[in-house]
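Residue numbers (the numbering used here), protein chains in the order written: chain V, 160 to 276; chain W, 2 to 134.
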């Protein structure tokens, strides 16, 4: 199988405004939330990858990584066959991107995404 | 929370009745019965009043009320999703429901995780019935 790249990070945080201020001050990351979801997108800097902030719904704050896949349904099926659980089934976001979240056999949550927007 | 508390009381006193629990909570036993069977939901305000009646410790009280508020947000979002003219947008939902966009987004994650909502296309979200989840 062709290696899939990690293309996006997402910090799940208790207070997105506070987190955005912190990251802007410490890392120069400026969040832009002018989109339908109000997603605080943070563009890639230098050779790095872009990310974003999302309000934590429950549990502990964490950073989640997103792997680009050519077909989210197929990637979900492969992940399940290999022991992963589907946390969030495939969704089509307002910008057209497709995403899903799995929990791998080690208990790590990974996002799967297909950028279309 | 109420079901757990009722069961706890019944374990320590097998004769403890639904009527006695209703009396303690200050609500009628028919209503309490519906709530315990999941047929009726309490508003966050009513939940707070019951927490006071039960003299729950502050952290537990806060958690229970928070959960009631979040469940209320989720129900309101699902109701909006099913309406004509619904716009698939957290911002639009926040304006309509007078909530913060972050409150909407935190609720959306829970709804997606629990298979209560599906984003089928950029413009189409659907609320899923229990048998569709």
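Idealized CB from N, CA, C, for every residue including glycine.
Here the structure is a predicted model, which is why all the values come from computation and not from measurement.
Closest in alpha carbon position to residue 212(V), among 178(V), 263(V), 219(V), is 178(V). In this structure, the alpha-carbon of residue 28(W) lies about 41 Å from that of residue 176(V). Taking C-beta atoms as the reference points, residue 253(V) and residue 15(W) fail to come closer than 9 Å. Rounded to whole angstroms, residue 70(W) and residue 30(W) show a C-alpha spacing of 24 Å. Two segments are said to touch when three or more pairs of C-beta atoms, one from each, lie closer than 8 Å; by this definition the stretch 81-101 of chain W does not touch the stretch 52-71 of chain W.
Between the alpha carbons of residue 87(W) and residue 78(W) lies a gap of roughly 10 Å. Counting C-beta pairs with one atom in each stretch, the stretch 200-210 of chain V and the stretch 161-177 of chain V have three or more that are closer than 8 Å, which means they touch. Note on the stretch 27-102 of chain W: whole alpha helix (DSSP H) runs with a minimum of 4 residues are 30-37, 45-54, 59-82, 91-98, in chain order.
CA-CA distance, residue 104(W) to residue 74(W), rounds to 8 Å. The residue from 181(V), 219(V), 274(V), 232(V) with its alpha-carbon nearest to that of residue 268(V) is 219(V). Put simply, of 113(W), 96(W), 108(W), 22(W) the residue whose alpha carbon is nearest the alpha carbon of residue 261(V) is 113(W). Within chain V, 197 have C-beta atoms less than 7 Å from the C-beta of residue 102(W), given in sequence order.
Taking the Cα positions, residue 251(V) is about 47 Å away from residue 11(W). Not flagged as an interface residue toward chain V: residue 70(W), since no C-beta distance is shorter than 9 Å. With its beta carbon less than 9 Å from one in chain W, residue 192(V) belongs to the interface.
Counting every other CB atom within 10 Å of its CB across the protein chains shown gives residue 169(V) a total of 16 or more, marking it as buried.
Shortest Cα-Cα distance from residue 38(W) to any of 127(W), 134(W), 56(W), 3(W) involves 3(W). Between the alpha carbons of residue 49(W) and residue 201(V) lies a distance of about 39 Å.
Around residue 114(W), the beta-carbon contacts reaching into chain V at under 9 Å are 216, 246, 247, 260.
Put simply, the CB of residue 263(V) is far from chain W, with every gap to its CB atoms at 9 Å or more. Between residue 213(V) and chain W, the shortest Cβ-Cβ separation is below 9 Å. Shown here is that no member of the stretch 220-232 of chain V has a Cβ falling below 7 Å from a Cβ of chain W. Taken through DSSP and simplified to helix, strand or coil, residue 191(V) comes out as strand.
Spanning the alpha carbons of residue 125(W) and residue 263(V) requires a straight line of approximately 29 Å. By the criterion of a C-beta distance shorter than 8 Å, residue 228(V) is surrounded in its chain by 163, 234, 271, 272, 273, once the five residues flanking it on both sides are discounted. Ranking 26(W), 19(W), 44(W), 111(W) by CA distance to the CA of residue 34(W) puts 19(W) first.
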